[in-house]
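In structure tokens, the structure reads:
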């Protein structure tokens, strides 16, 4: 076991190697019990590492999405108020209503219609990267790409789009389990600025509608004003964090597996299965949380009403009972029923867009930069239990 971990009572510390490679810990925890009760992170609860158990809980409506922050909190009222109206934390009838209204804007067909815009943006960003000898693909490529695309969808004016980067970086910290009080205060302040910004933008679009998502939400009059606000902020967060992690983890993984990268270069049509394998092999979102709304039995264990359940998606996606040679990267893996985007009612609504962005970004990057290589082989990850997120991805252009 890594220093700081014990089999009897697993606990996770920031100084362990978990941040760089969580998978040995996941394997150990799964070998103890795929549905483990204890304090593995900093909160007590049930920790699910088995694929079948994770899938069962994800589709079981008795397990509700939990709001990370107490709504009674005055210090974090900007965040607690916003999260209450987010689709991510809605359940039953409200979730079904909002998902239907928002989901029609993020279908596979809609995502496909954005392909020309994504391609153009990718090439514009790579034009700037390619003239350098060295670059950081997180800050100079993936993050700006995700930011520009979600801003385009929302109708944010071009001159205001850069600000989203810092706002997103601040707010995303609030939904991770390792957040500090100081981080929450900063995130809440940022959420307040975002809320004010979107209130103003919604007011402008109500008076002068454009061809953008906010205008359509307003004209349809099916979502409340607060739900539109919360949806905008959720899209800013989700449109950045998951997509950036997918692109960067995918590029990093392929550069570390040259035989797989060579296969992709030789046969670009493999890009779809390659991205699916990137989603499985190093899932951009590593954890999702639920609360039992009543006593439930999973894998012979009784999870009592009100108890917290933490589904470790990264662990489920490497369960050897489902995936042959789960620690092997194979861009031609079929079938590949990974849980990177969740399952059933709370399946990621932006999955089609994230897939297309990653497919275009990864393939175009390697086509334009045939000599691309890592500037360092051991990189640092942000200390976010909920996400698999590189701090930087330094490369040599070649």
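In this note's numbering, the protein residues as written are 3 to 400.
Beta carbons are placed, not taken as given, at the ideal position from N, Cα and C, and that holds for glycine.
Next on the checklist: Please report the straight-line C-alpha distance between residue 319 and residue 144, rounded to a whole angstrom.
Outcome noted: Start at 1 with the first residue of the chain shown, and residue 319 comes out as number 317. Start at 1 with the first residue of the chain shown, and residue 144 comes out as number 142. Distance from the CA atom of residue 319 to the CA atom of residue 144, rounded to whole angstroms, is 24 Å.
Next on the checklist: Using a 10 Å radius around the Cβ and a threshold of 16 neighbouring Cβ atoms, would you call residue 379 buried or exposed?
Outcome noted: Indexing the chain shown from 1 puts residue 379 at position 377. So residue 379 ends up on the exposed side.
Next on the checklist: What does the Cβ neighbour count give for residue 388, buried or exposed, with the cut at 16 atoms within 10 Å?
Outcome noted: Translated into positions along the chain shown, residue 388 becomes position 386. Residue 388 comes out buried.
Next on the checklist: Quick check on this structure: which residue in 29, 214 and 205 has the alpha carbon closest to the alpha carbon of residue 112?
Outcome noted: Residue 112 sits at position 110 when you count from the first residue of the chain shown. Distance from the Cα of residue 112 is smallest, within the candidate group 29, 214 and 205, for 214.
Checklist entry - What's the gap between the Cα of residue 393 and the Cα of residue 139? => result Counted from its first residue, the chain shown places residue 393 at position 391. Counted from its first residue, the chain shown places residue 139 at position 137. If you take the alpha carbons of residue 393 and residue 139, they lie about 10 Å apart.
Item to check | Integer Cβ distance of residue 348 from residue 67, believed to fall under 8 Å | outcome: Counted from its first residue, the chain shown places residue 348 at position 346. Counted from its first residue, the chain shown places residue 67 at position 65. Their Cβ separation, rounded to whole angstroms, is 6 Å, which keeps residue 348 and residue 67 in contact under 8 Å.
Checklist entry - Among 338, 353, 294 and 94, which residue has its Cα nearest to the Cα of residue 324? => result Position 322 of the chain shown, counting from 1, holds the residue named residue 324. Of 338, 353, 294 and 94, the residue nearest in Cα terms is 338.
Checklist entry - If you run the structure through DSSP and keep just helix, strand and coil, what is residue 247? => result Indexing the chain shown from 1 puts residue 247 at position 245. Here residue 247 sits in helix by DSSP.
Checklist entry - Are residue 132 and residue 399 touching if we call contact CB-CB under 9 Å? => result Walking along the chain shown from the start, residue 132 turns up at place 130. Walking along the chain shown from the start, residue 399 turns up at place 397. Yes, the pair counts as a contact, with Cβ atoms nearer than the cut-off.
Next on the checklist: Extract the residue ranges of the alpha helix (DSSP H) inside the stretch 359-392, only unbroken runs of 4 or more that lie entirely within it.
Outcome noted: Within the stretch 359-392, no complete alpha helix (DSSP H) segment of 4 residues or longer occurs.
Checklist entry - Can you tell me where the alpha helix (DSSP H) with residue 300 in it begins and where it stops? => result Against the chain shown, residue 300 aligns to sequence position 298. Premise fails: residue 300 lies in the beta strand (DSSP E), 298-300, not in any alpha helix (DSSP H).
Checklist entry - How is the alpha helix (DSSP H) around residue 315 delimited, first residue to last? => result Position 313 of the chain shown, counted from the start, is the residue given in the question as residue 315. Looking at the DSSP string, the run of the alpha helix (DSSP H) that includes residue 315 is 315-318.
Checklist entry - How many Å lie between residue 271 and residue 262 at the Cα? => result Within the chain shown, numbered from 1, the residue matching residue 271 stands at position 269. Within the chain shown, numbered from 1, the residue matching residue 262 stands at position 260. Taken atom to atom, the span from the alpha-carbon of residue 271 to that of residue 262 is near 13 Å.
Checklist entry - If you drop the 5 nearest sequence neighbours on each side, which residues of the same chain put their C-beta closer than 7 Å to that of residue 153? => result Within the chain shown, numbered from 1, the residue matching residue 153 stands at position 151. So the qualifying residues of the chain are 163 and 166.
Item to check | Cut-off 6 Å between Cβ atoms - residues of its own chain near residue 370, not counting five sequence neighbours on either side | outcome: For the purposes of this step, residue 370 is taken as residue 368 along the chain shown, with counting starting at 1. Excluding five sequence positions before and after residue 370, the CB atoms of its chain that fall closer than 6 Å to its own CB belong to 128, given in chain order.
Next on the checklist: Check whether the stretch 266-285 and the stretch 352-365 touch, using three or more Cβ-Cβ pairs below 8 Å as the test.
Outcome noted: A contact between stretches requires three or more CB pairs, one per stretch, nearer than 8 Å, and the stretch 266-285 meets this requirement with the stretch 352-365.
Checklist entry - On the premise that residue 244 lies in contact with residue 287, defined as a C-beta separation below 8 Å, what is that separation, rounded to the nearest angstrom? => result Working through the chain shown from its first residue, we reach residue 287 at position 285. Working through the chain shown from its first residue, we reach residue 244 at position 242. Contact flag correct, Cβ pair sits at about 6 Å.
Checklist entry - Around the C-beta of residue 234, are 16 or more other C-beta atoms found within 10 angstroms, so that it is buried, or is it exposed? => result Walking along the chain shown from the start, residue 234 turns up at place 232. The residue in question, residue 234, is buried, as its Cβ has 16 or more Cβ neighbours within 10 Å.
Checklist entry - Is the beta carbon of residue 224 sitting closer than 9 Å to the one on residue 45? => result Looking up residue 224 in the chain shown gives position 222. Looking up residue 45 in the chain shown gives position 43. Contact flag unset, no.
Checklist entry - Which residue from 47, 374 and 36 puts its Cα closest to that of residue 312? => result To locate residue 312, count along the chain shown from 1; it is residue 310. Check the Cα spacing between residue 312 and each of 47, 374 and 36: the tightest is with 47.
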